[in-house]
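S.K.: Please read through the structure below; I'll follow up with questions.
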Amino acid sequence: MEERWTSTRLLDWLHRLGIPTHTVEHPPVYTVDQAREHRLGMEGGFSKNLFVRNKKGRMWLLVLEESRAVDLRALAVRLEAGRFSFGSPARLARWLGVEPGSVTPFGLVNDPGGEVTAVVDQGLLALGTLHFHPLVNTQTTAIAAEDLLRFLEASGHPPRVVDLDRGP
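Position 54, counted from 1, in the sequence shown is what our numbering calls 55; the numbers after and before it change by one each time, with no gaps.
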């Protein structure tokens, strides 16, 4: 098994890709509400990241605008996934290399085989600068929306961008 990425290794790799970021440290946060308390004037989009699977064992990382209400049943149908259930902490650790509370699109670096499908909310991308944990929930990293897409491509996870305001 390949060695898991660290926050430092991730940020160094982003720098080598020519992707500018800005990272701030804060106390550990486990929920969107806790994260709101430590934004320190950060502007742009914030996300909720849902790691889900279907009965066949296929996995998706849903990267959504933090206040976005989403019907997981309808989205699963739209993605031709069957029915979603949340991935277990063990599956999360195995495929994304993170713990609950640290779920992030950056975790896809720990899935070199491309087993997890990235799905990104088009509405989130429209917010410009985006903020994610860099594999740990004690830091938040700002990245431009277009650079998030570049990162996903470079990590072997070309994203499926979904307009959640559009019906099936």
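Built from N, CA and C at the ideal position, the CB exists for glycine as well.
1) Here's the rule: buried if 16 or more other CB atoms are within 10 angstroms of the residue's CB, otherwise exposed. What is Glu-66?
2) Grouping DSSP H, G and I as helix and E and B as strand, with all else coil, what is Asp-122?
3) Give a yes or no on whether the C-beta atoms belonging to Val-64 and Ser-48 are separated by under 8 Å.
4) Who pairs with Arg-54 in a beta bridge, going by DSSP?
5) Near Val-137, which residues of its chain fall below 7 Å by C-beta distance, leaving aside the five closest residues on each side in sequence?
6) Just to confirm the assignment, what range does the alpha helix (DSSP H) spanning Val-78 have?
7) Are there 16 or more other CB atoms within 10 angstroms of the CB of Pro-106, so buried, or fewer, so exposed?
8) Quick one: what's Glu-66 bridged to in DSSP?
9) Can you have a look at Val-33 and say buried or exposed, based on whether 16 or more other CB atoms are within 10 angstroms of its CB?
10) By Cβ distance below 8 Å, which residues in the same chain neighbour Glu-26 in space, the five residues on each side in sequence not counted?
M.R.: Working from what's here:
1) Under this definition Glu-66 is a buried residue.
2) Looking at Asp-122 - three-state DSSP - the assignment turns out to be strand.
3) Yes, they are a contact pair.
4) Answer by DSSP bridge pairing, in chain order: Met-60, Ser-86.
5) Beyond the five residues adjoining it in sequence on each side, Val-137 comes within less than 7 Å, by CB distance, of Ser-8, Ser-103 in the same chain, given in chain order.
6) Counting along the chain, the unbroken alpha helix (DSSP H) around Val-78 starts and ends at 73-79.
7) Here Pro-106 is buried. Its C-beta has 16 or more other C-beta atoms within 10 Å.
8) Per the DSSP secondary-structure output, Glu-66 pairs in a beta bridge with Ser-48.
9) Exposed: under 16 other Cβ atoms inside 10 Å.
10) These residues qualify, in order along the chain: Thr-139, Gln-140.
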